[in-house]
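**Student:** Quick note: the sequence shown uses this note's numbering, first residue 1, plus one each step.
The structure follows.
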Amino acid sequence: MKQLRKDSVFLLLISFIYMGFPLLIPYISSDQLVQKSLYVNHILFYIPLVVFLACLIYGLMDGFKIRYAICVFVLFPLTILYWKEWIFLYQVIYSLLALLGNGLGYLVKQMYKEQ
Numbered sequence: 001m002k003q004l005r006k007d008s009v010f011l012l013l014i015s016f017i018y019m020g021f022p023l024l025i026p027y028i029s030s031d032q033l034v035q036k037s038l039y040v041n042h043i044l045f046y047i048p049l050v051v052f053l054a055c056l057i058y059g060l061m062d063g064f065k066i067r068y069a070i071c072v073f074v075l076f077p078l079t080i081l082y083w084k085e086w087i088f089l090y091q092v093i094y095s096l097l098a099l100l101g102n103g104l105g106y107l108v109k110q111m112y113k114e115q
């Protein structure tokens, strides 16, 4: 139960970046061009950045856990509810970034532990 509580913060962050942020974009700007650019930036920059940083911090705190990358993979279909389409390539890339961030966080944790 303690592990689920610790994981839930990170999983809520991933869920928010997948579903919550796109719902806020129309309220950020009423200009259609700005909204489109925010949507594109969200998919290409914001999601990968948040996934990588969240997994990096998760790896620093809790070590390497593949289940977090699996959760990132499993939560991606939430985007179907908003975008009405599913791009498997993005799902794979985001999951690989989660693995990379988690692995780097674990390596940094091990390096500081040795010192």
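Glycine included, each C-beta is placed from N, C-alpha and C at the ideal position.
So what's residue 77 in DSSP terms, helix, strand or just coil?
**Tutor:** Taking the sequence shown and counting its residues from 1, one reaches residue 77 at position 77. Of the three classes helix, strand and coil, the one that applies to residue 77 here is coil, per DSSP.
**Student:** Counting only runs of 4+ residues fully inside the stretch 15-49, write out the alpha helix (DSSP H) ranges in chain order.
**Tutor:** As far as the stretch 15-49 is concerned, its whole alpha helix (DSSP H) runs of at least 4 residues are 21-28 and 32-41.
**Student:** Taking all protein chains shown into account, decide if residue 77 is buried (16 or more other Cβ within 10 angstroms of its Cβ) or exposed.
**Tutor:** If you number the sequence shown from 1, residue 77 lands on position 77. Looking at its Cβ environment, which holds fewer than 16 other Cβ atoms inside 10 Å, residue 77 is exposed.
**Student:** Closest by CA to residue 46, which one among 63, 81, 29 and 90?
**Tutor:** Within the sequence shown, numbered from 1, the residue matching residue 46 stands at position 46. Residue 46 has its Cα closest to that of 90, out of 63, 81, 29 and 90.
**Student:** Are residue 72 and residue 51 closer than 7 Å when you measure CB to CB?
**Tutor:** Looking up residue 72 in the sequence shown gives position 72. Looking up residue 51 in the sequence shown gives position 51. Their beta carbons are under 7 Å apart, which means residue 72 touches residue 51 by this criterion.
**Student:** Exposed or buried, residue 41, counting other C-beta atoms within 10 Å across all chains shown (16 or more means buried)?
**Tutor:** Here residue 41 is taken as the residue at index 41 of the sequence shown, counted from 1. By the neighbour-count rule (16 or more Cβ atoms within 10 Å), residue 41 is not buried but exposed.
**Student:** Using three-state DSSP, classify residue 59 as helix, strand or coil.
**Tutor:** As a first step, residue 59 is located in the sequence shown; it is residue number 59 there, counting from the start. Residue 59: helix per DSSP, three-state reduction.
**Student:** Distance, Cα to Cα, residue 34 vs residue 27?
**Tutor:** Locating residue 34 in the sequence shown gives position 34, where the first residue counts as 1. Locating residue 27 in the sequence shown gives position 27, where the first residue counts as 1. Taking the straight line from one Cα to the other gives about 11 Å.
**Student:** Identify whether residue 84 lies in helix, strand or coil by the three-state DSSP scheme.
**Tutor:** Within the sequence shown, residue 84 is the residue found at index 84, counting from 1. Coil.
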